[in-house]
Amino acid sequence: MTLRAALLYSLISLLVGCVSSGNVDPMKTEQGRAEARDAYVQLGIGYLQQGATERAKGPLKKALQLDPANADAHAALALVFQAEMEPKLADQHFRQALSQRSQDPRFLNNYGSFLFEQKRYEDAYERYQQAAADTLYQDRSRVFENLGMTALKLDQRDKAKQYFEHSLRLNKQQPRGLLEMAVLSFEDHDYVPAQEYYEDYSQLAGQTARSLLLGTRLATIYDDRNKAASLGLQLRRLYPGTPEHQQYQVEQ
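Be aware that the sequence shown starts at 86, since it is given in my numbering, and climbs by one per residue.
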């Protein structure tokens, strides 16, 4: 049985339990309504995780009918509308979720990512900083990585580097942070750490146009012509017409 099916089965069992047992209707008790609300939220999240945003709306709407202020339902709906490119509705539900749990680092980080997507970098930076303040948040490394990306957008290069370093101290297996540190180190002519960051990145993630361009540059610095040619060929084959490919052509 899939997780979604299990959740749906639990919800149905809760709603019809009074028929088979003769007990009081659970939907007329505070505990019963809370359990039904939570089941609807989890069902909605299950649909969302599968990319079925339209199907997610139904159970999330029912959850809010049971508890209009429920933070988890609003947070899930925010992600639904973000995925559906409805920024006004997404923003509204993010704010409603945070009005109930203003210090929830998961909400703050997700809202920051939404704001970053909307190019509202200063607002995103503020939300990420609030999320990072929770030293027990299990995904804090990702928050610092997000802070680094946002600092770059705000032309705060030194701060960005500090954030990426902090992120990697918390979790060394962060491909995006490793690649950004490799790029920043290369730009600072710190070629040894740049190469180390790049190698660590390459072991964790597939090559992108950005990483391939950096790889060709590092291979050229270390006079590894075969590797430079191989990476350049991949860049031409996989990412023709990209800014990185165009830059590679200029540098040849």
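All C-beta atoms, glycine included, are put in the ideal place defined by N, C-alpha and C.
Determine the direct distance from the alpha carbon of residue j to that of residue i, and round the result to whole angstroms.
i	j	result
residue 152	residue 206	33 Å
residue 253	residue 191	19 Å
residue 249	residue 291	20 Å
residue 331	residue 211	35 Å
residue 127	residue 185	18 Å
residue 303	residue 264	13 Å
residue 219	residue 189	8 Å
residue 287	residue 281	10 Å
residue 166	residue 319	36 Å
The alpha helix (DSSP H) with residue i in it runs from where to where?
i	result
residue 138	138 to 151
residue 305	294 to 306
residue 331	328 to 336
residue 253	242 to 255
residue 119	115 to 134
residue 233	225 to 238
residue 266	260 to 272
residue 154	Careful: residue 154 lies outside any alpha helix (DSSP H) and carries neither H nor E.
residue 204	Premise fails: residue 204 is in no alpha helix (DSSP H) and is neither H nor E.
residue 185	172 to 185
residue 323	310 to 323
residue 279	276 to 289
Counting C-beta neighbours from all protein chains within 10 Å, is the total for residue i 16 or more, i.e. buried, or is it exposed?
i	result
residue 336	exposed
residue 168	exposed
residue 270	buried
residue 334	exposed
residue 328	exposed
residue 307	exposed
Nearest to residue i by alpha carbon, out of the options?
i	options	result
residue 324	308, 295, 305	295
residue 313	118, 327, 298, 326	298
residue 257	243, 229, 274, 277	229
residue 164	155, 154, 176	176
Kindly say whether residue i, judged by its beta-carbon, lies nearer than 8 Å to any beta-carbon of chain B.
i	result
residue 155	In the structure shown, chain B cannot be found, because there is only a single protein chain.
Would you mind giving the Cβ-Cβ distance between residue i and residue j, rounded to the nearest angstrom? I have them listed as a contact below 8 Å.
i	j	result
residue 216	residue 237	Rounded, the Cβ-Cβ distance is 18 Å, inconsistent with contact.
residue 161	residue 129	5 Å
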